[in-house]
Amino acid sequence: MIDWLFGRRKKTAPPQPEDARADRETAPAQRAAPAPAASAVDWQARLAQAAGDDDALLALVQGAAPVEVRLAAVGALTTEPALKRAERGLRKHDRRVHRLAKQRHAELLTTGAARLQAAQLTASARALLDAPLIAANRLVELDRAWRALDARLLEGSQAAEFAALFEQLSALVRERTDHALEAGRFDSAVRAATAGLQSACERAAAGTNDRAALAAASAQARSVLDAAPAGANAGSAACKALRAALHSADELAPRLAVLDALLQKTPSAEAQTPPAVELEAWIDDSAPLAPTPAAPSQTDTLRRWHAFAPLADANLARLLAQRFSQWQQAQARAVARQPKAAPAAAAVGDAARVERLERNVERAQAALAEGSLGEAGKALAAIDAAARDGALPAALRASIDELHAEFGRLRGWQHWGGGRARDELVAQAEALAAADAGSDDADVARMTTRQRAELINELRARWKELDRHGGASNRALWQRFDAALNAAHAPVAAQAQARREAREHNLQARIELLAALEAVALPGGAEAAAASGEPGSDAEPDARAPAARLGAALAEFQAAWRKLGPLEHTVPRAERDALQARLSAAVARVEAPLDAARRVAQAQREDLIAQARALTAAGAAPGRDGLDKARALQARWQEAAKALPLARAAEGALWAEFRAAIDAVYGARQAEAAARDAEFKARIDEREALIARLAAVAEGVVNEASDDSMARTLAEVDAAWRAAGTAPRAEAAALDTRYRSARDAVRARLADAAQRRWRAQCDLLAARLDERDGIEAVGTVSVEPLALPARWERALARENDTASADPLSGDDLLLQLEAALGIASPPAFEAARRALKLQAMKAALEARTPNAAPLAADDLLVAALAREAFDAAQ
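Be aware that the sequence shown starts at 1262, since it is given in the numbering used here, and climbs by one per residue.
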């Protein structure tokens, strides 16, 4: 039966053939053949032979080798795939070997990651060496990233390579910083030298400084250029400006020498003046200058002055022209003061002719001051015609002569300057054409097509201005200029053509988009009723489907239309108005039914807002059902917004109202939770106070007057704890544990106090017994006032009625009292005590309901105190 219960019944084996029986007989013999013992294999030799071969080492790890050999094999694995296979293969085998494989695999991964990051940092540092600008913060980031790596995981060559690269980068940054500082100081010096040289040139041209000061400023400027640091940008704007100033100073120096020579030879009123013919030749720039024996040096000097080309610096040219004009005026005054060889001046004409001549003189002076030679020429022609009618006053004749001299000088300058200006314009136009053709020797800055067109228009306008003020030009020169500008305008024309073609393509794309929008079918019949939201329409299950289709088509059209760019910049000007009108009509056609559907959708959203507000309209916090309703309203809102979006402004305003209503629902729920949390917090604080009160009593911080007061405190705290209400579930267990601990501590203190009181009563009883028996008491019983229980006092006074009726013998009474009090009996009475215990057990077994309950320790003590028949041993 037991075998059957535990499934150990023997099954009758079926008969087997003779071959199987023979195999079964030979199998034990084969199994009995001893396998080679593990100790007989030289594992160290196999381990040494497998060194460097991860497959052989894995075979040792996964084989039957000893643990020490397998650990050594795992330690000899070097590749990450082998360690990964070992870690996975040994996960359910020897824990020590698996732990080592896992540790080595993690270390190898960490080492590989560190070395890979080190290689990346080295590559970044090497790339910075070729960078034109190295930021200091990039070096700091590289240094911090390298310091964050564990140096123990890196190869020595990596650390050495990165250190060398970082040192090169640091030196390069310092070198570039020093070079930038030197370049900055050099640029400041160049700018200061340029300003000083320009100022010296202006003062020298105005005559306030001599040529020595100009030479000193030029020498200082050249010394600044010669002191340029290595690698300085000689083609910077500051250096170019300084070289231009030096060039102006070099051109100004010979002109100042000639002008000073002229000014030194100016005739004075007292000095002997040259002949009038020669003076007139000096004044009239257009007259040929023939050297006379009287003043060959002055004539040569004036010829040298006229041989100079105009200065490139307009301001310096103006200052020199002013000084030369002053010299000419001085010469004219000298001529006017010189006596004429002709007879006495004729009589003065009538006043009207003189007044007309004076007005023409003023008009010619104003025209010359403005640089308008055409007006000045007309005025001088009128003056010459009127001057032939009669004699003129000397002052008026001097003014007219001065006007002729200035007109001739300016006309000469105009012809010469206009030619130079036209040559410059032709050179600029041809340089611009060469730059467009891709010539290598072109010296034109890179510019956009718009800048090129503006430059071409500006060059043509300057040529026209020269034609207006400087006279007609050479036809061959004009043809060269026009051909160069036409060649330079080719890229502008090509771009304009490309722009026209792009606008045509853009126009065709817009026309196709409008055709597609105009082909969108509008909802009709039942679909129109569904799109407009009229009740009773069951054409489609979803009434917003046609409107959603229209909205999607319109949104797709508007997105594609916006991608084509602004209308005013991407289509031909002639097609804009018609295209805009067609756009407005097509959009209005689609938006009409769409707006009707949107009004219905807006009404549905407003209904959702009203339902959301109704959840908190009563003022009470919504329960779980209210939160579910709020979530359902949110889901319906999302479905409605996805099915048919409204206009952005309307959608945003409605969503803000709906969100405020939903937030009010969740806010009320949160307020309710906060009130509940506050209530729980108050309960927790109350319980914490009760626990602290018990802890203070248990630790003696609060001294209770008596044990009864501690017991009352314990009872009061127990009552308050039960009345404190339910604590939060998350903290209830911890609070109960702390409360029980504090309560047990108070109870332990009460028990300790009761034990001390019991012992004191026992000491007092012993003293009373000694006093009753006439034995002198040794020591004091207690310093506290203490009294024996009343029963003990009556027993000592032999007033206990149960003493005479006590059926126990003296030994049995004392043995039971010792057992009740847990006091060990004397060795001579141990057998009797065991017998007494056995008798009590026997009586308990034989009588399931004993006749009388055993006496308590206090009853036994009272009986012992009241008994008189005790011998000395008892």
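Idealized CB from N, CA, C, for every residue including glycine.
On a predicted model such as this, the values are computed, not experimentally measured, just so you know.
query: Less than 9 Å separating the beta-carbons of Leu1426 and Ala1386?
result: As a first step, residue 1426 is located in the sequence shown; it is residue number 165 there, counting from the start. As a first step, residue 1386 is located in the sequence shown; it is residue number 125 there, counting from the start. Yes.
- prompt: What did DSSP end up calling Asp1355 once you bin it into helix, strand or coil?
  reply: To locate residue 1355, count along the sequence shown from 1; it is residue 94. Asp1355: coil per DSSP, three-state reduction.
task: Report yes if the C-beta distance between Val1781 and Leu1811 is below 9 Å; otherwise report no.
output: For the purposes of this step, residue 1781 is taken as residue 520 along the sequence shown, with counting starting at 1. For the purposes of this step, residue 1811 is taken as residue 550 along the sequence shown, with counting starting at 1. Yes, Cβ-Cβ distance for Val1781 and Leu1811 is below 9 Å.
query: Would a check of beta-carbon distances place Ala1421 closer than 9 Å to chain C?
result: Here there is only one protein chain, and chain C is not present.
query: Which one of Val1615, Ala1902, Gly1887 and Asp1856 has the shortest CA to CA distance from Arg1866?
result: Taking the sequence shown and counting its residues from 1, one reaches residue 1866 at position 605. Measuring C-alpha to C-alpha distances from Arg1866 to each of Val1615, Ala1902, Gly1887 and Asp1856 identifies Ala1902 as the nearest.
- request: Run the CB neighbour count on Gln1291, radius 10 Å, all protein chains shown included, and call it buried at 16 or more, exposed below.
  value: On the sequence shown, residue 1291 is found 30 positions in, with the first residue counted as 1. Low per-residue confidence applies at Gln1291: pLDDT is 40, beneath 50, and the placement is therefore not dependable, though the value from the model is reported in the following sentence. Its Cβ having fewer than 16 others within 10 Å, Gln1291 is exposed.
field: Stretch-stretch touch, CB-based, cutoff 8 Å, three pairs: the segment 1511-1518 with the segment 1488-1499
entry: Contact between the segment 1511-1518 and the segment 1488-1499 is absent, because fewer than three Cβ pairs lie under 8 Å.
query: Should Ala2163 be labelled buried (16 or more other beta-carbon atoms within 10 Å of its own) or exposed?
result: As displayed, the chain neither begins before 1262 nor continues past 2135, which places residue 2163 out of reach and without an answer.
- request: Use the C-beta contact count for Gln1592: other C-beta atoms within 10 angstroms, 16 or more gives buried, fewer gives exposed.
  value: Walking along the sequence shown from the start, residue 1592 turns up at place 331. It is buried - the Cβ of Gln1592 has at least 16 other Cβ atoms within 10 Å.
message: According to DSSP, simplified to helix, strand and coil, what is Ile1395?
response: Residue 1395 sits at position 134 when you count from the first residue of the sequence shown. Coil at Ile1395, not helix or strand.
task: Rank Ala1763, Glu1765, Glu1719 and Ala1714 by C-alpha distance to the C-alpha of Ala1754 and give the top, closest one.
output: As a first step, residue 1754 is located in the sequence shown; it is residue number 493 there, counting from the start. For Ala1754, the closest alpha carbon among the candidates Ala1763, Glu1765, Glu1719 and Ala1714 is that of Ala1714.
query: Of the residues Ala2127, Ala1467, Val1330 and Arg1472, which one's Cα is nearest the Cα of Ala1578?
result: In the sequence shown, residue 1578 corresponds to position 317, counting from 1. Of Ala2127, Ala1467, Val1330 and Arg1472, the residue nearest in Cα terms is Ala1467.
- request: Compute the Euclidean distance between the alpha carbons of Gln1310 and Ala1326, then round it to the nearest angstrom.
  value: As a working mapping, residue 1310 is identified with position 49 in the sequence shown. As a working mapping, residue 1326 is identified with position 65 in the sequence shown. Rounded to whole angstroms, Gln1310 to Ala1326 spans 14 Å at the Cα level.
field: Start and end residues, alpha helix (DSSP H) containing Gly1457
entry: Counting from one through the sequence shown, the residue named residue 1457 turns up at place 196. In the DSSP assignment, Gly1457 falls within the alpha helix (DSSP H) that extends over Gly1417 to Ala1467.
- prompt: Counting pairs of beta carbons, one from the segment 1970-1985 and one from the segment 2028-2036, are three or more of them closer than 8 Å?
  reply: Output reads no: the segment 2028-2036 does not touch the segment 1970-1985.
message: Give me the residue from Pro2087, Ile1945, Glu1947 and Leu2126 with the minimum Cα distance to Ala2027.
response: The count along the sequence shown starts at 1 and reaches residue 2027 at position 766. Measuring from the Cα of Ala2027, the nearest candidate turns out to be Leu2126.
message: Between Ala1372 and Leu1433, how many whole angstroms is the CB-CB distance? I'm expecting something under 8 Å.
response: In the sequence shown, residue 1372 corresponds to position 111, counting from 1. In the sequence shown, residue 1433 corresponds to position 172, counting from 1. The sequence given here places Thr at residue 1372; Ala does not occur at that position. Incorrect: roughly 31 Å between the Cβ atoms, too far for contact.
query: Looking at C-alpha atoms only, which residue of Ala1858, Glu1329, Ser2070 and Ala2104 is the closest neighbour of Glu2129?
result: Mapped onto the sequence shown, residue 2129 falls at position 868. Checking every option, the nearest Cα to that of Glu2129 belongs to Ser2070.
message: Which complete alpha helix (DSSP H) runs does the segment 1713-1760 hold, if anything under 4 residues is left out?
response: Counting whole runs of 4 or more residues, the segment 1713-1760 contains the alpha helix (DSSP H) stretches 1736-1749.
message: Is it buried or exposed, Ile2084, if we count other Cβ atoms within 10 angstroms and call 16 or more buried?
response: Taking the first residue of the sequence shown as position 1, residue 2084 is located at position 823. So Ile2084 ends up on the exposed side.
field: Under 9 Å between C-beta atoms of Arg1837 and Leu1828
entry: Residue mapping note: residue 1837 aligns to position 576 of the sequence shown, counting from 1. Residue mapping note: residue 1828 aligns to position 567 of the sequence shown, counting from 1. It is a contact, given that the beta carbons lie within the stated cut-off.
- prompt: Are the Cβ atoms of Gln2135 and Leu2075 separated by less than 9 Å?
  reply: The residue given as residue 2135 occupies position 874 in the sequence shown. The residue given as residue 2075 occupies position 814 in the sequence shown. Contact: yes.
message: Check for me: the alpha helix (DSSP H) holding Thr1998 runs from which residue to which?
response: One-based indexing of the sequence shown puts residue 1998 at position 737. It spans Arg1990 to Arg2033 - the alpha helix (DSSP H) in which Thr1998 sits, taken as one unbroken run.
- prompt: Would Ala1959 be called buried (16 or more neighbouring beta carbons within 10 Å of its own) or exposed?
  reply: As a first step, residue 1959 must be located in the sequence shown, where it is residue number 698. Residue environment for Ala1959: buried (at least 16 other C-beta atoms within 10 angstroms of its C-beta).
- request: Quick one: grab the DSSP three-state call for Pro1807.
  value: Here residue 1807 refers to the residue found at position 546 when the sequence shown is read from its first residue. Three-state DSSP puts Pro1807 in a helix.
message: Assuming the contact rule is C-beta atoms closer than 8 Å, Ala1896 and Ala1873 should be a hit. Round their C-beta distance to whole Å, please.
response: Along the sequence shown, one-based indexing puts residue 1896 at 635. Along the sequence shown, one-based indexing puts residue 1873 at 612. Ala1896 to Ala1873, Cβ: 12 Å. No contact.
- request: Within its chain, find whatever has a CB closer than 6 Å to the CB of Tyr2000; leave out the 5 residues flanking it on each side and keep chain order.
  value: Against the sequence shown, residue 2000 aligns to sequence position 739. Setting aside the 5 residues that flank it on each side, Tyr2000 is surrounded in the same chain by Ile1952, each with a C-beta closer than 6 Å to its C-beta; the list follows chain order.
task: Indicate whether Glu1416 and Arg1376 have their beta-carbon atoms separated by less than 9 Å.
output: Here the question's residue 1416 lines up with position 155 in the sequence shown. Here the question's residue 1376 lines up with position 115 in the sequence shown. Cβ atoms of Glu1416 and Arg1376: closer than 9 Å.
Backbone CA spacing between Ala1800 and Pro1807 [nearest angstrom]: One-based indexing of the sequence shown puts residue 1800 at position 539. One-based indexing of the sequence shown puts residue 1807 at position 546. Reliability fails at Ala1800, whose pLDDT of 39 lies under 50, so the model's placement of it is uncertain and the value that follows must be treated cautiously. Rounded to the nearest angstrom, the two C-alpha atoms are 11 Å apart.
- request: Tell me the start and end of each unbroken alpha helix (DSSP H) in the segment 1858-1918 that is at least 4 residues and wholly inside, in chain order.
  value: Complete alpha helix (DSSP H) runs here, min 4: 1885-1904.
message: What does the Cβ neighbour count give for Trp2136, buried or exposed, with the cut at 16 atoms within 10 Å?
response: Here the chain covers residues 1262 to 2135 and nothing more, so residue 2136 does not appear.
- prompt: If Leu1664 sits next to Val1622, beta carbons under 8 Å apart, how far is it from one beta carbon to the other, in whole angstroms?
  reply: As a first step, residue 1664 must be located in the sequence shown, where it is residue number 403. As a first step, residue 1622 must be located in the sequence shown, where it is residue number 361. Indeed, because the Cβ distance is near 6 Å, the residues count as touching under 8 Å.
- request: Check whether the Cβ atoms of Glu1779 and Leu1815 lie closer than 9 Å to each other.
  value: As a first step, residue 1779 must be located in the sequence shown, where it is residue number 518. As a first step, residue 1815 must be located in the sequence shown, where it is residue number 554. Between Glu1779 and Leu1815, the CB-CB gap reaches or exceeds 9 Å.
- prompt: Out of Ser1431, Ala1456 and Gln1587, which has the shortest C-alpha to C-alpha gap to Gln1525?
  reply: Residue mapping note: residue 1525 aligns to position 264 of the sequence shown, counting from 1. Comparing Cα positions, the closest option is Gln1587.
- prompt: Measuring CB to CB, does Gln1758 end up less than 9 Å from Ala1666?
  reply: Indexing the sequence shown from 1 puts residue 1758 at position 497. Indexing the sequence shown from 1 puts residue 1666 at position 405. Cβ distance not < 9 Å, so Gln1758 and Ala1666 don't count as in contact.
Span separating the alpha-carbon of Asp1868 from that of Ala1908: The residue labelled residue 1868 in the question sits at position 607 within the sequence shown. The residue labelled residue 1908 in the question sits at position 647 within the sequence shown. CA-to-CA, the gap between Asp1868 and Ala1908 works out to about 18 Å.
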